[in-house]
Amino acid sequence: TPLSLIRNFSIIAHIDHGKSTLADRLIQACGALTAREMTNQVLDNMDIERERGITIKAQTVRLTYPAKDGNTYVLNLMDTPGHVDFAYEVSRSLAACEGSLLVVDASQGVEAQTLANVYQAIDANHEIVPILNKIDLPAAEPERVRAQIEDVIGIPADDAVGISAKTGLNIEGVLEALVTRLPPPTGDATAPLQALLVDSWYDAYLGVIILVRIMQGRLKRGDKIRMMASGAVYAVDQVGVFAPRMVPVDDLGPGEMGYINAAIKTVADCNVGDTITDDRRPATQALAGFKPSIPVVWCGLYPIDADDFEKLRDSLSKLRLNDASFHYEAETSAALGFGFRCGFLGLLHLEIIQERLSREFNLDLIATAPSVVYRLYRTNGGMEELHNPADMPDSSLIEKVEEPWINATIMVPDDYLGPVLSLCSERRGIQKDLTYVGNRAMAVYRLPLNEVVFDFYDRLKSISRGYASFDYQMDDYQESDLVRISILVNQEPVDALSFIAHRSAAESRGRSICAKLKELIPRQLFKIAIQAAIGSRVIARETIGALSKDVTAKCYGGDISRKRKLLEKQKEGKKRMRQFGKVEIPQSAFLAALKMD
Ligand code: GTP
């Protein structure tokens, strides 16, 4: 295909504004799939993704479109993840395209993630075509939203395309805008190969698949390729495109998107953003802007049943094959035994991995409190990154501790602004900006990441009845007065429950955890003391009174089957408990104790 007949584009949108629905319509309109094949949204592959309605992995589809000008165009649609945790993947996907469709729900207007994504697209020099979606809804206000796009984002929206992705209204308008308004790609087919590694994942049949965008040169079967950052060299077994099923082709040239398949053992060699070149005739320079995605949130994952440890190790390595941004290393906990310290891009990423472990691998796990990565400076001059609160040394050995800060953008209807501002200041936020977009306020805050990782998002949603939207970027590290709070159950520290907090919040959080554990730990045959302490200083204490009751006592007389059922139930309950000294703590207590109020 000549470059002038190729258009590479992505769709950017806030969650639920209709990106996947529009993608499906475009695929359908270009005849790539029959109606029956369209029953499920094509671009969202994973089950969890479908259930949660969020796009996790970037995907691509090659479409052919006979345009009104008489030419048939190749349209490469690049799906991008919508959630803030996957911002880096968004930026790589955008780097693979020349333009974006900016989808805004005409009944909702511009949201926090609309802004975050569109600014990334502007940074990537994209031509942006605004799309006003859901104009079939009675509540749609396309004119208001059009003005909002101009005011807030600052891009012209005069010729924004009004559509309904749901009913299919004016999908052709979108296709025509793509071919007439987006620029074609550029590139030199005779230059040394430079291909952007956009994504990689593990396919059970084919092994590791790499999604690439060719910038310069050509890539064909049998080529020996080199990943410029990792240095790994492979022979290419297959080159192809997604149409949307995988279709092998002879080669890929500049401006094209497709996949390559080689005998690659580990996705760890295939970092998103790396440049692929020809091993025999390498490019002198890698493409700009490669940075590996770094986990910002860590937590421990432990099998409830110690016998599941090997199974957990095996499952984690399988997940890692599919997700190079997920990290793990073995660790041991005095309380929980053998497990793994796992690193994630954010809280949603953490939840998704946890859910996949339980659902796809059938593992019962205890997760410790999520923690951010602190920088610890020791009095003896050393600096280390602290992933686990339990590793924080005695305060006498610490010179200073630094914590990561983020820049957060929150958009919320005026009515809920008050509580949102209080939440931010409660969490040590510093207001940078407060402006209005119609009747919605846009607040920009600097916040310590550790105040956000537990439940900030949940709280934000609940105090705004679901109307607030939130997005953030990592900013810098700053020194802070941080302390480790240990939780002791009958004088024994439960390392999995220890956490790091700002000194000003230590006491109230310690108290609230003790109070919760009191509710959550079942009474036992002896008295249980629950304490929170900083070093050796106890800052909170609760006591659970003793209990002496046989569960079967209720079963008067001889109803043996009922009695057996109760005992069975009790046994089942036991499996989900962890023994601390003589005290048993149910798994639910861990999770609940770690949520703040
Ligand atoms: P993420 O994948 O979570 O980023 O969401 P998305 O932006 O892909 O949204 P999706 O396409 O899943 O659509 C969200 C909801 O809006 C779905 O229930 C769609 O059926 C609905 N929807 C999408 N387009 C339209 C439209 O034009 N009109 C109406 N009425 N509903 C629509």
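Residues in the sequence shown are numbered from 4 upward in steps of one, following UniProt numbering. For glycine and all other residues, C-beta sits at the position ideal for the given N, C-alpha and C.
> Just curious, the beta strand (DSSP E) that Y237 is in, first and last residue?
Replying inline: One-based indexing of the sequence shown puts residue 237 at position 234. Residues 236-245.
>> Assuming F341 is part of the beta strand (DSSP E), what are its boundary residues?
In response: The residue labelled residue 341 in the question sits at position 338 within the sequence shown. It spans 340-347 - the beta strand (DSSP E) in which F341 sits, taken as one unbroken run.
> Which one of S23, L550, D19, G243 has the shortest CA to CA distance from L528?
Replying inline: On the sequence shown, residue 528 is found 525 positions in, with the first residue counted as 1. Scanning S23, L550, D19, G243 for the CA closest to the CA of L528 turns up L550.
> Is the closest heavy atom of the ligand GTP to the C-beta of N136 under 8 angstroms?
Replying inline: Here the question's residue 136 lines up with position 133 in the sequence shown. Yes.
> Between the stretch 175-195 and the stretch 94-107, do three or more beta carbon pairs fall short of 8 angstroms?
Replying inline: yes
>> Could you check whether L368 and S361 sit closer than 9 angstroms to each other, using their CB atoms as the reference points?
In response: Position 358 of the sequence shown, counted from the start, is the residue given in the question as residue 361. Position 365 of the sequence shown, counted from the start, is the residue given in the question as residue 368. Cβ distance < 9 angstroms, so S361 and L368 count as in contact.
> alpha helix (DSSP H) containing H505: first to last residue?
Replying inline: Stepping through the sequence shown from its first residue, residue 505 is reached at position 502. Here H505 belongs to no alpha helix (DSSP H); instead the beta strand (DSSP E) covers 502-505.
> From the DSSP output, which residues share a beta bridge with S336?
Replying inline: Sequence index remark: in the sequence shown, residue 336 carries index 333 (1-based). S336 is bridged to G340.
>> Which of the three DSSP states is assigned to Y208 in this structure?
In response: For the purposes of this step, residue 208 is taken as residue 205 along the sequence shown, with counting starting at 1. Coil at Y208, not helix or strand.
> If we call anything under 9 angstroms between Cβ atoms a contact, is L104 one with I138?
Replying inline: Here residue 104 refers to the residue found at position 101 when the sequence shown is read from its first residue. Here residue 138 refers to the residue found at position 135 when the sequence shown is read from its first residue. Taking 9 angstroms as the Cβ cut-off, L104 and I138 do not qualify as a contacting pair.
> Opposite P133 in the DSSP bridges: which residues?
Replying inline: As a working note, residue 133 is residue 130 in the sequence shown. Residue pairing for P133: DSSP places it in a beta bridge opposite L105.
> Counting pairs of beta carbons, one from the stretch 396-406 and one from the stretch 468-486, are three or more of them closer than 8 angstroms?
Replying inline: yes
> Does any heavy atom of the ligand GTP sit closer than 8 angstroms to the C-beta of H20?
Replying inline: The count along the sequence shown starts at 1 and reaches residue 20 at position 17. True, at least one ligand heavy atom lies under 8 angstroms from that Cβ.
> What is the rounded straight-line gap between the Cα of residue 619 and the Cα of A246?
Replying inline: With the chain covering 4 to 600 only, the question about residue 619 has no answer from this structure.
>> Let me make sure I understand the geometry here. Which of D108, L520, S501 has the alpha-carbon closest to that of A536?
In response: What you label residue 536 is simply residue 533 of the sequence shown in a count that begins at 1. Here the closest residue by C-alpha is S501.
> Closer than 8 angstroms: is that where the CB of I174 sits relative to any heavy atom of the ligand GTP?
Replying inline: Taking the sequence shown and counting its residues from 1, one reaches residue 174 at position 171. No; taking the cut-off as 8 angstroms, the Cβ of I174 has no heavy atom of the ligand GTP nearer than that.
> What does DSSP give as the partner residues of M445 in its beta bridges?
Replying inline: On the sequence shown, residue 445 is found 442 positions in, with the first residue counted as 1. Paired residues: M414, T438.
>> Less than 9 angstroms between the beta carbons of C302 and F347, yes or no?
In response: Indexing the sequence shown from 1 puts residue 302 at position 299. Indexing the sequence shown from 1 puts residue 347 at position 344. Yes, these two residues count as a Cβ contact at 9 angstroms.
>> What does the alpha-carbon distance come out to for the pair L353 and A592?
In response: Position 350 of the sequence shown, counted from the first residue, corresponds to residue 353. Position 589 of the sequence shown, counted from the first residue, corresponds to residue 592. So the alpha carbons of these two residues sit roughly 19 angstroms apart.
> Which residues share a DSSP beta bridge with M477?
Replying inline: The sequence position of residue 477 within the sequence shown is 474, counting from 1. Bridge partners of M477: I409.
> For the beta strand (DSSP E) that K22 lies in, which residues bound it at each end?
Replying inline: Position 19 of the sequence shown holds residue 22. Segment 22-32 is the alpha helix (DSSP H) holding K22; no beta strand (DSSP E) there.
> Which residue or residues does DSSP assign as beta-bridge partners of K227?
Replying inline: By 1-based counting over the sequence shown, the position of residue 227 is 224. Under DSSP, the beta-bridge partners assigned to K227 are A238.
> How many angstroms separate the CA atom of A192 from the CA atom of K223?
Replying inline: Position 189 of the sequence shown holds residue 192. Position 220 of the sequence shown holds residue 223. Answer to the nearest angstrom: the Cα atoms are 12 angstroms apart.
> Given a threshold of 16 other Cβ atoms within 10 Å of its Cβ, counted over all protein chains shown, does N383 qualify as buried or as exposed?
Replying inline: What you label residue 383 is simply residue 380 of the sequence shown in a count that begins at 1. Exposed, since its Cβ has fewer than 16 Cβ neighbours within 10 Å.
> Which whole-angstrom value is the C-beta distance of V244 and A265, which I expect to be below 8 angstroms?
Replying inline: Position 241 of the sequence shown, counted from the start, is the residue given in the question as residue 244. Position 262 of the sequence shown, counted from the start, is the residue given in the question as residue 265. Under the criterion of beta carbons closer than 8 angstroms, V244 and A265 do not qualify as touching, at roughly 16 angstroms.
>> So, for S110: in the same chain, excluding its five sequence neighbours on each side, which residues have a beta-carbon less than 8 angstroms away from its beta-carbon?
In response: For the purposes of this step, residue 110 is taken as residue 107 along the sequence shown, with counting starting at 1. Closer than 8 angstroms at Cβ, skipping near neighbours: K137, L140, A142, A143, E144.
> Just reading off the alpha helix (DSSP H) that A150 is part of, what are its end residues?
Replying inline: As a working mapping, residue 150 is identified with position 147 in the sequence shown. That run of the alpha helix (DSSP H) goes 145-151.
> In its own chain, which residues sit with a C-beta less than 6 angstroms from the C-beta of residue 3, not counting the 5 before and 5 after it?
Replying inline: Residue 3 falls outside the range modelled here, since the chain spans only 4 to 600, and no answer is possible.
>> Tell me the DSSP secondary structure of V376 in three-state form.
In response: The sequence position of residue 376 within the sequence shown is 373, counting from 1. Correct three-state label for V376: coil.
> Just to confirm, does D139 get its C-beta within under 8 angstroms of one of the non-hydrogen atoms of the ligand GTP?
Replying inline: Within the sequence shown, residue 139 is the residue found at index 136, counting from 1. Taking non-hydrogen atoms of the ligand GTP into account, the C-beta of D139 is found less than 8 angstroms away from one of them.
>> According to DSSP, simplified to helix, strand and coil, what is K169?
In response: The residue you call residue 169 lines up with position 166 of the sequence shown. Three-state DSSP puts K169 in coil, outside helix and strand.
>> Looking at the strands, I want to know which residues DSSP matches up with C302.
In response: Counted from its first residue, the sequence shown places residue 302 at position 299. C302 is bridged to C345.
> Quick one, are the C-beta atoms of A119 and Q476 less than 9 angstroms apart?
Replying inline: Taking the first residue of the sequence shown as position 1, residue 119 is located at position 116. Taking the first residue of the sequence shown as position 1, residue 476 is located at position 473. Yes.
>> I'd like the span of the alpha helix (DSSP H) that includes A532, first residue to last.
In response: By 1-based counting over the sequence shown, the position of residue 532 is 529. No alpha helix (DSSP H) contains A532, which is instead part of the beta strand (DSSP E) from 531-537.
>> If you follow the beta strand (DSSP E) that G261 is in, where does it begin and where does it stop?
In response: To locate residue 261, count along the sequence shown from 1; it is residue 258. That run of the beta strand (DSSP E) goes 260-265.
> DSSP three-state call for I279: helix, strand or coil?
Replying inline: Here residue 279 is taken as the residue at index 276 of the sequence shown, counted from 1. If DSSP states are grouped into helix, strand and coil, I279 belongs with the strands.
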